[in-house]
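Sequence order for the protein chains is S and F. Residues in the first sequence are numbered from 1 upward in steps of one, following this note's numbering. Residues in the second sequence are numbered from 1001 upward in steps of one, following this note's numbering. For every residue, glycine included, the Cβ atom is placed at its ideal position computed from N, Cα and C.
Number of protein chains: 2
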Amino acid sequence: MEFIVNAVGRKIPKYIEGVGETKPYIGPFETKPEGRKYLPNKSYNTPYDNKVLSNIREAIDAVGLKDGMTISFHHHLRDGDYILNTVVDEIAKMGIKNITICASSLNKAHEPLIEHVKNGVITGIQSSGLRGKLAKEISTKNILGNPVIFRTHGGRVRAIEAGDVRIDVAFLGASSCDKMGNMNGVNGKSAFGAIGYAMVDAEYADKVVAITDNIVEYPLYPISISQSLVDYVVVMDEIGDTSLISTGATRVTNNPLEIKIAENAAKVLIDSGYVKNGFSFQAGSGGSSLAVVKFIKEYMKENKIIGSFASGGINSYLVNMLEEGLFKALFDTQTFDCESSSSLKRNPNHIEMSASMYANPHNKGCVAHQLDIMVLSATEVDINFNINVMTGSTGVIMGAQGGHPDTAAGAKLTVVVAPLMRKRIPIIVDSVTTVVTPGETVDVVVTERGIAVNPRRTDIIEKLSESNLPIMTIEELKKLAERFTGIPEKPEFDEEIVGIVEYRDGTVMDVIRQVKQK
Amino acid sequence: MEFIVNAVGRKIPKYIEGVGETKPYIGPFETKPEGRKYLPNKSYNTPYDNKVLSNIREAIDAVGLKDGMTISFHHHLRDGDYILNTVVDEIAKMGIKNITICASSLNKAHEPLIEHVKNGVITGIQSSGLRGKLAKEISTKNILGNPVIFRTHGGRVRAIEAGDVRIDVAFLGASSCDKMGNMNGVNGKSAFGAIGYAMVDAEYADKVVAITDNIVEYPLYPISISQSLVDYVVVMDEIGDTSLISTGATRVTNNPLEIKIAENAAKVLIDSGYVKNGFSFQAGSGGSSLAVVKFIKEYMKENKIIGSFASGGINSYLVNMLEEGLFKALFDTQTFDCESSSSLKRNPNHIEMSASMYANPHNKGCVAHQLDIMVLSATEVDINFNINVMTGSTGVIMGAQGGHPDTAAGAKLTVVVAPLMRKRIPIIVDSVTTVVTPGETVDVVVTERGIAVNPRRTDIIEKLSESNLPIMTIEELKKLAERFTGIPEKPEFDEEIVGIVEYRDGTVMDVIRQVKQK
Chain S
1 MEFIVNAVGR KIPKYIEGVG ETKPYIGPFE TKPEGRKYLP NKSYNTPYDN KVLSNIREAI
61 DAVGLKDGMT ISFHHHLRDG DYILNTVVDE IAKMGIKNIT ICASSLNKAH EPLIEHVKNG
121 VITGIQSSGL RGKLAKEIST KNILGNPVIF RTHGGRVRAI EAGDVRIDVA FLGASSCDKM
181 GNMNGVNGKS AFGAIGYAMV DAEYADKVVA ITDNIVEYPL YPISISQSLV DYVVVMDEIG
241 DTSLISTGAT RVTNNPLEIK IAENAAKVLI DSGYVKNGFS FQAGSGGSSL AVVKFIKEYM
301 KENKIIGSFA SGGINSYLVN MLEEGLFKAL FDTQTFDCES SSSLKRNPNH IEMSASMYAN
361 PHNKGCVAHQ LDIMVLSATE VDINFNINVM TGSTGVIMGA QGGHPDTAAG AKLTVVVAPL
421 MRKRIPIIVD SVTTVVTPGE TVDVVVTERG IAVNPRRTDI IEKLSESNLP IMTIEELKKL
481 AERFTGIPEK PEFDEEIVGI VEYRDGTVMD VIRQVKQK
Chain F
1001 MEFIVNAVGR KIPKYIEGVG ETKPYIGPFE TKPEGRKYLP NKSYNTPYDN KVLSNIREAI
1061 DAVGLKDGMT ISFHHHLRDG DYILNTVVDE IAKMGIKNIT ICASSLNKAH EPLIEHVKNG
1121 VITGIQSSGL RGKLAKEIST KNILGNPVIF RTHGGRVRAI EAGDVRIDVA FLGASSCDKM
1181 GNMNGVNGKS AFGAIGYAMV DAEYADKVVA ITDNIVEYPL YPISISQSLV DYVVVMDEIG
1241 DTSLISTGAT RVTNNPLEIK IAENAAKVLI DSGYVKNGFS FQAGSGGSSL AVVKFIKEYM
1301 KENKIIGSFA SGGINSYLVN MLEEGLFKAL FDTQTFDCES SSSLKRNPNH IEMSASMYAN
1361 PHNKGCVAHQ LDIMVLSATE VDINFNINVM TGSTGVIMGA QGGHPDTAAG AKLTVVVAPL
1421 MRKRIPIIVD SVTTVVTPGE TVDVVVTERG IAVNPRRTDI IEKLSESNLP IMTIEELKKL
1481 AERFTGIPEK PEFDEEIVGI VEYRDGTVMD VIRQVKQK
C-alpha cells in the first residue's frame, strides 16, 4: 500500500478500497475546489401530479429504489428519530441490498442498523459520526466491510454539491408538510426546529420523499424546503419522539470541575479581548460549554456588551440571551430543544440556515467563517493542538465531527475546553488517536488546572501574559496530566481501515483502523 | 431556410442565426427535460474575505467581466429601476463590448439601452418582454442584429437551470443587504417586496454582485437570498425610485366597458363552479383584472367562501383580502406596491416564492400548476384561442410574456378578458400576429358583448349553458367584432427575425419578424 503523509503527519493510503484515490489534507484553506458542481437531475411537473402516497413502501416503489443506490437522511430528530429505521426496515423487507446511507449524522436511535449491515442491506455509511453499539461493531469487527466516511457538517454539503456522493433518494422528515411537499420543522406535534441539514439533500437528491406525521392544508407556511424540490409525500403516524431531541445542553452543569474549566475559558475569552460589542459566538455541546456561555452572559450584562450573533445548534439558553437583547440574532441549523423550536417560529431574528450557509467552505461565504469566538470540546488533544472527537481511549468510534473542524477553521478565536483527565486517562497526549480538527485551527486549550495557547497565536499569548490564569505550554499541560495518570497504554489496531475522517474540503485528515481484538 | 410547423401552426426555422437549432412547440406538457441540470462554478470562502466594494466599476473589475459575457438583472423595481442602466453605462465606459443581457424583464426605464445596443456594447437580449422605444427600434430597425429571446417567468428559470443561458455575472438589486451579501427586498427606503425573480440568478450565475442603497449591520433578516450565493456587495446612493413600481393595478377601474367585461368574467368563474371553498386564484394585470377580483370578493363575502391562496404579482387589493381572511395565503414572486411589500414583511401567510417555485415547469411542482382560476388579458385572441400579448396591431413588440403561458397551462380554468376591439381594431382575429399562449391552455374568452368557450372544455360549455351569459362560438365573437371594425389590415413583415417567443419548456412558440418599413 502506498502512503502519503498529510499536513498533520498522518500516513494516508493513496488508494482506499471502496473509496478510491485520496487527497491528503494540506492545510485548512489550501485545497481549493475545481470545476463545476455536480448537477441534479432535471425534473418535470404538471397540474395533474399527485405526490401523496399511502406509505413508505409505495414511496420506495415510486422512486425506483434499487440495489446499489445511495439514500440520505437528516438527524434533526436525533435520538428520537423514527424515520431512518422505518425506511431501512422496509427496504430490507423488499429485498433490496447494497444500499449506502448518507446521513447528516447517526445517533443511538439507529442501532437497529446493525442487523441490516450484517445482512448486506446496508454496505456503505457516510455520516458526521457514529455512536453506541453500531460504532463498536464497526470499530471492532468491521461488520460494514467498507470504511465509514465521516464528514463535517460543512463538508457533507460540499461533498454533495461536488458529486463526491450522489444521493439517489432523500427521505426527509418534516414535522409539517402539505400535499405538494412544502416542509418545515417548526409546526406540528413533532416539531424539531430548524431543518438546515436536509436542505442540501432536497436540492441535490435525484428523488426527494417528504415524510411527515402532520399533513396540513396547502399551502404550509413558513416554508423551509419548497415543493419545487419534493417528489413524494408520505404520512406516517409518528416521525419521532421529540422528548429525545434535547441533548440536555440547556441545563448549566453543577459539576465543580466543569465549572472551573468554564470559568477559565470565559476568562481566556474576555482577557483576549474578544468579548466586546458586536462579537459573534458559538459553543459546541459538552459539559463545560454552557457554563462558559453562562459566565460570558454575566460579563456581557455587567459590561453592557451586545453581541452580533450566536450560531450553531441553538438551545433555549441562547434563545433567552436573544430575547434579553444580548445577541441581535441567532443562526440556527439545528435546534436542540422545544423552547428553541418555538423561538424559531416566533422570533424573526432567530434565523434558520442551511448547513451550506452554516459551514460549507466551498460556497461564497459561510456563517462559521464569520465567528469571532468558538468554544469546542475534545476527547483528546495533542501537543500539536490537534483534536480528536471521534474515537475513545480504547480506539473505538464514539463521536461525531459535527461542525467542530468547520467552526475551528472559521472562528477568529477557537478555544477547546476539556478536563485534564477522564477516568484516569489523560486528555493531553503526544499524538491523538484520530485527528479530527487540525491544531493549526485551534488557538487555546483550557483545562481546570492549566491553559495552553497555540504558539502560532503570539497575540493571545501577549494578551494573556498579564492575567492570573495558569498559562503553560501544551507540553507542560501534558506532563501535569501525566503526573496524575501516568502514561496510558495506547489501543492497538489492525491494518483494516474502518473509517475515513474527511476534512471539510474533501481531503483526508486521518483514517480509523479496526481495533485489535485481544 | 428549413422550417418545421409547430403545434400552433407556426413555421419555425430549424436553425436561427445567433440562436442555433430550435425545437418546435408540440404541446403544453409534451416536451420533457432530458439529462441533468447545468450547474454553477464551485466557489471558495475563507474567514478573511471582504465582499464590500466601493462602486460598480470595482465590482465589474472584481468579477472579471469581459467582452462576450452574459449579465443578468431582475425587474422588481420595474419602471423605477436604476441598477441596469448604471451597470451598463459603466460597462460601456470601460470599453467592454458584445454583452448579452438576460433580464427577468425590461421596462420603459431601460430605454437608454438603445445607445448601448447601437454602439455594440449590448448584442444580445433575453427578457420576458420589451416595451417603448427600445422595442420599437428593435422591431422596426433590428438594431440588435440578433433575435431577442423572450421567455416566460417560469421558462427563464428553466433555461438558466438547463444551461440554455449561462449567466457570467448577476447584478442584483436589494433594498437591504449586509456586508456578507444577505439580501431582501422588504426593508429599507427602496423596499420593493419579493425578490423572487432574482433567486435563480443568485444560484446559477458564476459571479453574483449585490447592489444596495441600504447596507445594514450583519446579519440582515429576513434573508431572501443567502450570503452563501453572493460574491460582492456594492453600495450605491439609490437603487431606484419605488414610486414607479406600482402598476396602478390597485385601483379598480371605473371604465364601464372594463367593468362589463369583469362582470361577465366573474359570472363565468362563478357559474363554472370554480369559486368555492379552498379555491386558488390569480389574476394578471390589465384594466379588467382587478375588477374581476372585486366581483369575486363580493361573491365570496356573500357566500362565506374562503379561498386557499392567491398568487402572482401581489397588490394591496389581494393583501386586503388576505387580511380579511378571504384567502388563507398569498404566494408572491413580485410585489406591485408598497403596501404589499409591507404585508410581505408583516404577514407570515404572505409567502415569498422564487420564480422557480412560481412557474418553472421543470422542477418538482410549481405554484402555477396548483391554480384553480387564472384571469389573463390579451392583445389579440384567435379563433384557435391562441393569445398574443407580445406584439401590437402594427406588429411592433410592446409587451411581455410574463407568467401568461405558465399560469394558463397550470390553472384548471383559464379565462382571458379583453375588449372586443381597441381603437377600432378587433381583438378576435383569424390568426394572432404572435402566438404567446397556446389556445390549448385557454378555456374561455370573455369580452363585453360575448363569451366564447374553448370547444375542448365541454364541461364548462355544459355548466354555462343555463346561464344568461352571451355565450357564442369564437367565430361568432370574431364576426361580432368585425361588424364594428371591418377586417383590419395586417402589418407586413420582412424576413429578418427580431424576436423568438420561447415557450416555458424551451420549445419555440413563434418568431417575431422585423416590421416592414413603408
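Reference residue i, options the options, closest by Cα
i, options, result
"residue 1367 (chain F)", "F:1509, F:1512, F:1259 and F:1403", "F:1403"
"residue 1196 (chain F)", "F:1445, F:1499, F:1073 and F:1300", "F:1073"
"residue 1088 (chain F)", "F:1308, F:1181, F:1440 and F:1122", "F:1122"
"residue 1032 (chain F)", "F:1364, F:1237, F:1401 and F:1395", "F:1364"
"residue 1134 (chain F)", "F:1423, F:1398, F:1448 and F:1468", "F:1398"
"residue 1300 (chain F)", "F:1325, F:1157, F:1058 and F:1043", "F:1325"
"residue 200 (chain S)", "S:340, S:374 and S:167", "S:167"
"residue 276 (chain S)", "S:211, S:39 and S:266", "S:266"
"residue 1292 (chain F)", "F:1374, F:1278 and F:1005", "F:1374"
"residue 1099 (chain F)", "F:1105, F:1013, F:1430 and F:1118", "F:1118"
"residue 1190 (chain F)", "F:1288, F:1175 and F:1198", "F:1175"
For residue i, the three-state DSSP class (helix, strand or coil)
i, result
"residue 330 (chain S)", "strand"
"residue 366 (chain S)", "coil"
"residue 1077 (chain F)", "coil"
"residue 44 (chain S)", "coil"
"residue 422 (chain S)", "strand"
"residue 162 (chain S)", "helix"
"residue 1234 (chain F)", "strand"
"residue 187 (chain S)", "coil"
"residue 5 (chain S)", "strand"
"residue 118 (chain S)", "helix"
"residue 1444 (chain F)", "strand"
"residue 1501 (chain F)", "strand"
"residue 1282 (chain F)", "strand"
"residue 1179 (chain F)", "coil"
"residue 154 (chain S)", "helix"
"residue 1320 (chain F)", "helix"
7 Å Cβ cutoff, residue i in contact with chain S
i, result
"residue 1219 (chain F)", "yes"
"residue 1047 (chain F)", "yes"
Below-7 Å beta-carbon distance, residue i vs any chain F residue
i, result
"residue 282 (chain S)", "no"
"residue 227 (chain S)", "yes"
"residue 231 (chain S)", "yes"
"residue 426 (chain S)", "no"
"residue 491 (chain S)", "no"
"residue 73 (chain S)", "no"
Residue i beta carbon near the ligand ZN (any heavy atom closer than 6 Å)
i, result
"residue 1035 (chain F)", "Annotation note on the ligand ZN: not contained in the displayed structure, which lists no ligands."
Checklist entry - Using 8 Å as the threshold, is the segment 1200-1217 of chain F in touch with the segment 375-393 of chain S, meaning 3 or more CB pairs across them? => result no
Item to check | Within 8 Å of chain S by C-beta, residues of the segment 1319-1337 of chain F in sequence order | outcome: 1328, 1329 and 1331
Checklist entry - Taking one C-beta from the segment 1069-1082 of chain F and one from the segment 1233-1242 of chain F each time, how about it: are there three or more such pairs within less than 8 Å? => result yes
Item to check | Where the segment 350-362 of chain S meets chain F: residues whose CB sits under 8 Å from a CB there | outcome: 351, 353, 354, 356, 357, 360, 361 and 362
Item to check | the segment 406-426 of chain S contacting the segment 446-463 of chain S, beta-carbon criterion three pairs below 8 Å | outcome: yes
Next on the checklist: Across the segment 298-315 of chain S and the segment 333-351 of chain S, are there enough close Cβ pairs to call them in contact, namely three or more that are closer than 8 Å?
Outcome noted: yes
Checklist entry - Listed from N- to C-terminal order along the chain, which residues in the segment 1151-1172 of chain F have their beta-carbon within a distance smaller than 8 Å of any beta-carbon of chain S? => result 1161 and 1162
Checklist entry - Taking a cut of 8 Å between CB atoms, which residues from the segment 31-45 of chain S lie near chain F? => result 32, 33, 34, 35, 36, 37, 38, 39, 40, 41, 42, 43, 44 and 45
Checklist entry - Using Cβ-Cβ distances below 7 Å, what residues of the segment 1366-1378 of chain F are close to chain S? => result 1366, 1369 and 1370
Checklist entry - Taking Cβ-Cβ distances below 7 Å as the criterion, which residues of the segment 175-205 of chain S are in contact with chain F? => result 180 and 181
Next on the checklist: I'd like to know if the segment 87-101 of chain S and the segment 251-259 of chain S are in contact, where contact means that at least 3 CB-CB pairs between them fall below 8 Å.
Outcome noted: no
Next on the checklist: Please list, in chain order, the residues of the segment 386-416 of chain S that have any C-beta partner in chain F closer than 9 Å.
Outcome noted: 409, 410, 411 and 412
Item to check | Residues, ordered as in the chain, of the segment 291-314 of chain S that lie near chain F by beta-carbon distance below 7 Å | outcome: 308 and 309
Next on the checklist: Check whether the segment 1016-1036 of chain F and the segment 34-51 of chain S touch, using three or more Cβ-Cβ pairs below 8 Å as the test.
Outcome noted: yes
Checklist entry - Do the segment 1433-1445 of chain F and the segment 1505-1514 of chain F meet, that is, are 3 or more Cβ pairs less than 8 Å apart? => result yes
Next on the checklist: Closer than 8 Å is the cut-off here; do at least three beta carbon pairs connect the segment 1173-1187 of chain F with the segment 1213-1227 of chain F?
Outcome noted: yes
Item to check | Residues from the segment 50-64 of chain S in contact with chain F, defined by Cβ distance under 8 Å | outcome: 51
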